[in-house]
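First comes the structure, then the notes that go with it.
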Amino acid sequence: MTRPIPQPATDPAMLAALHQTGRTWRGVAARRVNGKIRVVETRDFAPDRQPHIEEWLSGHRVSRTICVLPASSVVCRTTALPSAAPEQLLPALRLQAETYLLGTAPPHRQAMAVLHASAGETSRAGLILAWPEKARKPELALTRPVTYAPDVACLAALVNGTRTNDPTLWVDRTDGSVALALSHPQGAVFRAASESADNDGEWRSGVSRLLAETALSVGHSDDFTEALVHGTSSWLSKVNGEGGMLFLPSMVAQAAAARVEGAPVDPSWWSRYGIATGALLATLDQLEPLTALRDDLPVATPSAVERLAAVLSSRRLATAAAVLALLVLGFGPLAFNAIRVGVLHMKAGDLDALTASLEERESKLRMYDELSRATWPMAKLIGDIANCAPIGIAFTSISLDEDGKDIQIQGEADTGSLVNDMADRLIASRVFTDVTPSYNDREQGSTKFKFTISAKVRSPYLAAKFEPEEDFGVNPLGRRIHGERWVWKPRYTPPQPPAQPENATASTGAASAPGGGTQGGAAPGGTSVAAAGGAGTSGGASRPAGTTPPAGNGTGSGDAASESGNGNRGDFGRTGPRTRTAPNIPTAAQSGSGGPRVEVPPLLTPEEIAQLSHADAQKAMLRLISVKDSPQLSEDERKTLNEQYQAVLKRMREAAPVRD
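In this note's numbering, the protein residues as written are 57 to 716.
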């Protein structure tokens, strides 16, 4: 879902003009587009609807609001300007304004602008306006800033250099306002006046008299003046006391409509909204200052930097600030360090003991760093390699090159996936890096894959973390194969049998031991030496009575001998050359001499196999490995056990934990 883009509170291109006629406010909201005004909406607000003006302005995101001042509240002067360059006209107008408006109104209530010239005119004129403080103010309650534009300035924007014989006239009987624009041979003249009368006839006579005085003052003839008054008398008769009316010549209306998009040429529309539209048109060109009158003097809001500069402009305050800065620079670091020491005392307690502990730790780190550069912990590295080897891998050689930090491991594996599994474990230990495994196909007649793994030592002293079920120090091989019933017993040398009398007949296995076994060639616990030593050894049958078995042949208790030759593990979970025979599985010597038959483990159904965990699948696979290739089994039994073995192996791979 796309989040809407937040819009600003106001649009810089949106303007609004409000004009009060009678008791009604007429508003025009428009947008400035390419030097023109595009009318967005016009609306009238009755007296009871005036509180909605603020909401209407906010709805259009208006950035500037202009309120029209009545002609009865302003002072208007039209003055001729000397022939000069365009950039010199405005300074000349300011000089004349100082003469005309001396003491009339404060600067924020004064405005002036150079009027538009018609085509072919060589003389220029300026318009000077003032809004005295005692003049009436429109009753408009808004919370936003508002600027004011006299209605005579709106007429100047509508005329815009258009010259016609008919006057442009705005009258409003409710406040007595009369604003007019009249063309003459040198340009145009603008007047703002107040005309009040008790009856319609007197009011119309007053407006006609004002029009005649204006025409005669700019040099029009008596005949022209009389025709001008006679032409406007019929229009004045339509004015009532309920609101104002605008008399706009057709040429002026057409020229104004060309600069306003969305405004009709209908005279009634221009009579209602023409003055407000003229205020908006004045913002497009040099008449814009005429729309910037203010009721109150603008209050500047200085920034923080400006306020600080004003405060520091005092010599006494500046000196005090300089002294304070020197004190902070001199004693600030001391105070900061004192606070810091206090915080350390609060958090650390005895700093001397903490310092001594850190120094001791640093000395140990230096010692360990020297040790790591001098020697490698070979026994630890071999133990890490052994713990990374899954069941089903047998090592034939491990080469460690301390100078080059290279390791090469060679051996045999039941499946190729076990080699990849070991490589993943070596990488996960973070002790080794650049691990590269490779293995060959099975040789003819062999069930093993020969493999080679090369790696580099990354952190020889790093303590590798192994899962408890994968750590041979926690979970030995015998326990993985035989479960919790397996108990580790240390190997020991059987005690020497007591000396027999000289006349006693030596026996090589006929004498019975107290536990039901045979003395001489029998190992403790009832396991024969031939069975413990592997195929091809005759055990006690070929050893004289009373002799001790060799210490390196791996004979021990029946349970301790349960670590099968599949893993080729030593006494403490590490790689070794010694092999042991699983319980109840006869060796070649036993099978050849009619030993007990192999005990086939119970077969699992496919549903039971699918429920096995990774550890349970390993145990089941090891039980199958110990018997599936026994020569005592029939072909059907071997086939069944091999199928069971493949199913358990597949389940073990599926249940293998995912390594990061």
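Just so it is clear, CB atoms sit at the ideal spot from N, CA and C, and this is done for glycine as well.
(message) So for Met708, helix, strand or coil by DSSP?
(response) helix
(request) In the DSSP assignment, find the unbroken alpha helix (DSSP H) run with Thr98 in it and report its ends. (result) Taken as a continuous stretch (DSSP letters only), Thr98 belongs to no alpha helix (DSSP H), being part of the beta strand (DSSP E) at 92-101.
(message) Residues in the same chain with beta-carbon distance under 6 Å from Thr603, minus the five sequence neighbours each way, listed in chain order, please.
(response) Because Thr603 sits at a pLDDT of 40, beneath the cut-off of 50, its placement in the model cannot be relied upon, and the following sentence gives the value as read from the coordinates. Cβ within range, chain order: n/a, list empty.
(message) Whole angstroms are fine: how far does the CA of Ala161 sit from the CA of Pro354?
(response) 15 Å
(request) Whole angstroms is fine: what's the gap from Gln688's alpha carbon to Pro658's? (result) 17 Å
(request) Provide the residue span of the alpha helix (DSSP H) that contains Asp352, from first to last. (result) Counting along the chain, Asp352 falls outside any alpha helix (DSSP H), and DSSP gives it neither H nor E.
(request) Go ahead and pull the three-state DSSP assignment for His240. (result) strand
(request) Can you give me the start and stop residues for the beta strand (DSSP E) that Val475 sits inside? (result) Looking at the DSSP string, Val475 is not in any beta strand (DSSP E); the run it does join, the alpha helix (DSSP H), is 472-485.
(request) Would you list the residues sitting across from Ala72 in a DSSP beta bridge? (result) Ala85, Thr121
(request) Please name the residue, chosen from Thr134, Arg260, Gln144, Thr503, that lies closest to Tyr156 on a Cα-to-Cα basis. (result) Thr134
(message) Please identify the residue among Leu390, Leu146, Leu680 whose C-alpha is closest to the C-alpha of Arg180.
(response) Leu146
(request) Could you tell me which uninterrupted alpha helix (DSSP H) segments, each at least 4 residues in length, are contained entirely in the region 156-238, listed from first to last along the chain? (result) 207-215
(request) Identify every residue that forms a DSSP beta bridge with Pro493. (result) Ile509
(message) Alpha carbons only, please: which of Met301, Gly275, Leu267 is nearest the one belonging to Gly287?
(response) Leu267
(request) Return the bridge partner residues of Gly300 from the DSSP annotation. (result) Asp228
(request) Could you check the C-alpha separation between Val698 and Ser502 for me, to the nearest Å? (result) Residue identity check: residue 698 is Asn in the sequence provided, not Val. Near 15 Å, if we compare the C-alpha coordinates of Ser502 and Asn698.
(message) What does the alpha-carbon distance come out to for the pair Tyr424 and Ala435?
(response) 17 Å
(request) Compare the C-alpha of Gln667 against each of Glu143, Gln464, Val704 and name the closest. (result) Val704
(message) Let me confirm a value: Leu183 is counted as buried when at least 16 other C-beta atoms fall within 10 Å, else exposed. Which label applies?
(response) buried
(request) Look at the alpha carbon of Val245 and the alpha carbon of Ala237, and state the distance between them as a whole number of angstroms. (result) 6 Å
(request) Please look up how many angstroms separate the CB atoms of Ser239 and Thr270, rounded, as I've assumed it's under 8 Å. (result) About 11 Å separates the two Cβ atoms, so there is no contact after all.
(message) If I follow the unbroken alpha helix (DSSP H) through Glu258, where does it start and stop?
(response) 256-273
(request) Would you tell me roughly how many angstroms separate the C-alpha atoms of His15 and Thr199, rounded to the nearest one? (result) This structure gives no information on residue 15, because the portion of the chain shown stretches from 57 to 716.
(message) Taking the straight line between their C-alpha atoms, what separation do you get for Ala607 and Leu533?
(response) Because Ala607 sits at a pLDDT of 39, beneath the cut-off of 50, its placement in the model cannot be relied upon, and the point is left open.
(message) Is the separation between the beta-carbon of Ala72 and that of His116 shorter than 8 Å?
(response) yes
(message) Assuming the contact rule is C-beta atoms closer than 8 Å, Met478 and Pro446 should be a hit. Round their C-beta distance to whole Å, please.
(response) 6 Å
(request) Assign Ala469 to one of three DSSP states: helix, strand, or coil. (result) strand
(message) Let's test the definition: count the other Cβ atoms within 10 Å of the Cβ of Ala69 and tell me whether it reaches 16, buried, or not, exposed.
(response) exposed
(request) Below 7 Å CB to CB, which residues in the same chain sit around Gly91 once its five sequence neighbours on both sides are set aside? (result) Leu340
(request) Answer yes if the region 251-264 comes into contact with the region 318-338, meaning at least three C-beta pairs across the two stretches below 8 Å, and no otherwise. (result) no
(request) Quick one: give me the first and last residue of the beta strand (DSSP E) that Ser306 is part of. (result) First-last for Ser306: 306-313, but that is the alpha helix (DSSP H), not the beta strand (DSSP E).
(message) For Thr98 and Val118, which I take to be in contact (beta-carbon distance under 8 Å), what is that distance rounded to the nearest angstrom?
(response) Incorrect: roughly 14 Å between the Cβ atoms, too far for contact.
(message) Could you compute how far the alpha carbon of Leu336 sits from the alpha carbon of Arg247?
(response) 20 Å
(request) Could you tell me whether the Cβ atoms of His75 and Val124 are closer together than 8 Å? (result) yes
(message) Comparing C-alpha positions only, which one of Val131, Leu284, Ser250 sits nearest to Ala209?
(response) Val131
(message) Check whether the region 189-207 and the region 272-289 touch, using three or more Cβ-Cβ pairs below 8 Å as the test.
(response) no
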